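Participant: Input: one structure, supplied below.
Residue numbers (the numbering used here), protein chains in the order written: chain U, 294 to 597; chain V, -15 to 115.
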């Protein structure tokens, strides 16, 4: 029909350009623009299964890097807090996000971490690749997720100062990365109670993520004092607890059509009142015809 | 209704409401049906971490000739039925399709190893209509 013809003609304009991982023989209507396809993690596999080649096992065709087990444990806990067992999002007014992405530092730097870990146990050099964040996902909050390797005996409480600095690579002059801006956070927490320490870095990373930066290179330095700062504790040396390379958590509002928008479902409910108010029907307008100026003014007021 | 009463069986039916029901609504009327799948059946459980099971549901059944208010159908639905019955049988009868959906939260592993929690719109059919 007409709409299908239009889609085919759009193909020449590249709007329906066949993305790399959708089989070429799929019905042209099923090929989606990159932004929409990448944003919807479920679409490519659904389309592949629907296409005739999709009968193979989707998994075998798209090898995936295995995520960090700690990060996976954290995200499973976030899922349990945000959705029911059947996967229905909980009606939680406070959480406006409909997308949460967790990035672990990219692999090539990890072995550098190992070198670092031999030396100074408190600072790590991190490079996050944010390619999976789509243009339609707007940042609401970003958190640095720190966890400590508590396989070694740790003191009960500690007060840590965390220094963050963003590194800018000036690829033209091949010099080592310069530090564009840094910030220090002072945190007090008790190891035994917290498996994770969350550091809100939203304002710190906002400028980078707003400029659609794909790679974020930062150095994190932890200096911890043992014991509770309130009591007089002798200042011991640095805490000999290995800092596991932190992960970066982005709370996002996906503005694409396929994403679930709480506010629109709330608004939708408000918009469809239980029964139309009598004065809203055309008949009501006729009945009130004599007070024309009155009706017109209320109508204008309602329109405003 | 008079015609159908003339054909009514002599013996008075035991259950009047059941008896009249057969005249009022089609037997397999358009309604929501349960369907439950697990992502392991599609071999997707390696990258879809949660939920383990997903119930998309579906709509199936015949639409009564006068769909009207019962399904929230627009007047167009009855017009389409009249076209099918009186004018051109090539025009399809109204279909039983979902009218409302609810969202689904999914936890997946991306190809680069990052983990994403996403809430998708329109993933579970919750109400059917005739259109």
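We put the CB at the ideal spot given by N, CA and C, even for glycine. The structure displayed is predicted, hence computed values, not measured ones.
(1) If distances are taken between C-alpha atoms only, which option among U:501, U:440, U:545 comes closest to residue 458 of chain U?
(2) Buried or exposed, going by whether 16 or more other CB atoms sit within 10 Å of the CB of residue 377 of chain U?
(3) Residue 385 of chain U: buried (16+ other C-beta within 10 angstroms of its C-beta) or exposed?
(4) Just the Cα atoms here: how many angstroms apart are residue 16 of chain V and residue 81 of chain V?
(5) Sort U:509, U:392, U:510 by Cα distance to residue 551 of chain U and report the nearest one.
(6) Do the stretch 26 to 36 of chain V and the stretch 49 to 63 of chain V touch if we need at least three Cβ pairs shorter than 8 Å?
(7) Just checking: is the beta-carbon of residue 58 of chain V within a distance shorter than 9 Å of some beta-carbon in chain U?
(8) Work out the CA separation of residue 514 of chain U and residue 99 of chain V for me, nearest whole Å.
(9) Determine, using beta carbons only, whether residue 81 of chain V comes closer than 9 Å to chain U.
(10) Using 10 angstroms around the beta-carbon of residue 103 of chain V, count the other beta-carbons present and answer buried if the total reaches 16, otherwise exposed.
(11) For residue 421 of chain U, which option in U:555, U:541, U:549, U:358 has the closest C-alpha, if you only look at C-alpha atoms?
(12) Please list, in chain order, all residues of the same chain as residue 92 of chain V whose beta carbon is under 8 Å from its beta carbon, the five residues on each side excluded.
(13) Starting from the C-beta of residue 18 of chain V, find all residues in its chain whose C-beta is less than 7 Å away, skip the five residues before and the five after it, and write them out in chain order.
(14) Can you tell me the Cα-Cα spacing of residue 425 of chain U and residue 4 of chain V, whole angstroms?
(15) Which residues in chain U have a C-beta closer than 9 Å to the C-beta of residue 76 of chain V? List them in chain order.
(16) For residue 96 of chain V, go through chain U and note every residue whose CB falls closer than 9 Å to its CB, in chain order.
(17) If you drop the 5 nearest sequence neighbours on each side, which residues of the same chain put their C-beta closer than 7 Å to that of residue 511 of chain U?
(18) Report the partner residues of residue 92 of chain V according to the DSSP bridge assignment.
(19) So what does DSSP say about residue 515 of chain U, is it helix, strand or coil?
(20) Tell me whether the beta-carbon of residue 433 of chain U lies closer than 9 Å to the beta-carbon of residue 546 of chain U.
(21) For chain V, is any of its Cβ atoms less than 9 Å away from the one on residue 554 of chain U?
(22) Taking only the alpha-carbon atoms, compute the straight-line gap between residue 146 of chain V and residue 108 of chain V and give it to the nearest angstrom.
(23) I think residue 475 of chain U touches residue 537 of chain U, with their Cβ atoms under 8 Å apart; what is that distance to the nearest whole Å?
(24) Against chain U, with Cβ distances strictly below 9 Å, would residue 91 of chain V count as a contact?
(25) Against chain V, which members of the stretch 365 to 398 of chain U pass a CB distance test of less than 9 Å?
(26) Give me the DSSP bridge partner(s) of residue 22 of chain V.
(27) Starting from the Cα of residue 396 of chain U, find the closest Cα among U:431, U:364, U:489, U:491 and give me that residue.
(28) Which residues in chain V sit within 8 Å of residue 551 of chain U, going by Cβ to Cβ distance?
Facilitator: If we stick to the structure as given:
(1) The residue labelled residue 458 of chain U in the question sits at position 165 within the first chain. Looking at the Cα atoms, U:501 is the closest of the given residues.
(2) Position 84 of the first chain, counted from the first residue, corresponds to residue 377 of chain U. Classification of residue 377 of chain U: exposed, given that the 10 Å Cβ count is below 16.
(3) Here residue 385 of chain U refers to the residue found at position 92 of the first chain. With fewer than 16 other Cβ atoms within 10 Å, it is exposed.
(4) Counting from one through the second chain, the residue named residue 16 of chain V turns up at place 32. Counting from one through the second chain, the residue named residue 81 of chain V turns up at place 97. Residue 16 of chain V and residue 81 of chain V have their C-alpha atoms spaced approximately 9 Å apart.
(5) Counting from one through the first chain, the residue named residue 551 of chain U turns up at place 258. The residue with the shortest Cα to Cα distance from residue 551 of chain U is U:392.
(6) Flag = no, the stretch 26 to 36 of chain V and the stretch 49 to 63 of chain V do not touch.
(7) Locating residue 58 of chain V in the second chain gives position 74, where the first residue counts as 1. Closer than 9 Å to the CB of residue 58 of chain V there is not a single CB belonging to chain U.
(8) Mapped onto the second chain, residue 99 of chain V falls at position 115. Mapped onto the first chain, residue 514 of chain U falls at position 221. Distance between the alpha carbons of residue 99 of chain V and residue 514 of chain U is about 25 Å.
(9) Here residue 81 of chain V refers to the residue found at position 97 when the second chain is read from its first residue. Judged by the 9 Å Cβ criterion, residue 81 of chain V is not in contact with chain U.
(10) As a working note, residue 103 of chain V is residue 119 in the second chain. Classification for residue 103 of chain V: buried.
(11) Here residue 421 of chain U refers to the residue found at position 128 of the first chain. Cα-wise, what sits closest to residue 421 of chain U is U:541.
(12) For the purposes of this step, residue 92 of chain V is taken as residue 108 along the second chain, with counting starting at 1. Same-chain partners within the cutoff: 31, 32, 33, 99, 100, 102.
(13) Here residue 18 of chain V is taken as the residue at index 34 of the second chain, counted from 1. So the qualifying residues of the chain are 39, 41.
(14) Counting from 1 along the first chain, the entry for residue 425 of chain U is found at position 132. Counting from 1 along the second chain, the entry for residue 4 of chain V is found at position 20. Rounded to the nearest angstrom, the two C-alpha atoms are 59 Å apart.
(15) Position 92 of the second chain, counted from the first residue, corresponds to residue 76 of chain V. Residues of chain U passing the Cβ test: none, with the nearest at roughly 13 Å.
(16) Locating residue 96 of chain V in the second chain gives position 112, where the first residue counts as 1. Within chain U, the C-beta atoms nearer than 9 Å to that of residue 96 of chain V come from 357, 358, 396, 399, 422, 424, 425, in chain order.
(17) Residue mapping note: residue 511 of chain U aligns to position 218 of the first chain, counting from 1. Within its own chain, the residues whose Cβ lies closer than 7 Å to the Cβ of residue 511 of chain U, once the five positions on either side in sequence are excluded, are 419, 457, 458, 459, 460, listed in chain order.
(18) Here residue 92 of chain V refers to the residue found at position 108 when the second chain is read from its first residue. DSSP output for residue 92 of chain V lists V:32, V:100 as bridge partner(s).
(19) Looking up residue 515 of chain U in the first chain gives position 222. When secondary structure is reduced to three states using DSSP, residue 515 of chain U falls in the strand class.
(20) As a position in the first chain, residue 433 of chain U is number 140, starting the count at 1. As a position in the first chain, residue 546 of chain U is number 253, starting the count at 1. Yes, the pair counts as a contact, with Cβ atoms nearer than the cut-off.
(21) For the purposes of this step, residue 554 of chain U is identified with residue 261 of the first chain, where counting begins at 1. At least one chain V Cβ lies under 9 Å of residue 554 of chain U.
(22) Nothing about residue 146 of chain V can be read from this structure; chain V reaches only from -15 to 115.
(23) Position 182 of the first chain, counted from the start, is the residue given in the question as residue 475 of chain U. Position 244 of the first chain, counted from the start, is the residue given in the question as residue 537 of chain U. Contact doesn't hold; Cβ gap of about 21 Å is too wide.
(24) Sequence index remark: in the second chain, residue 91 of chain V carries index 107 (1-based). It does; some Cβ of chain U falls within 9 Å.
(25) If the cut-off is 9 Å between Cβ atoms, the stretch 365 to 398 of chain U has 365, 367, 368, 369, 371, 372, 373, 375, 376, 377, 378, 379, 380, 381, 382, 383, 390, 391, 392, 393, 394, 395, 396, 397 near chain V.
(26) The residue labelled residue 22 of chain V in the question sits at position 38 within the second chain. DSSP, once it has assigned bridges, lists V:37 as partnering residue 22 of chain V.
(27) As a first step, residue 396 of chain U is located in the first chain; it is residue number 103 there, counting from the start. Ranking U:431, U:364, U:489, U:491 by Cα distance to residue 396 of chain U puts U:364 first.
(28) Within the first chain, residue 551 of chain U is the residue found at index 258, counting from 1. At a C-beta separation below 8 Å, residue 551 of chain U has these neighbours in chain V: 104, 105, 106.
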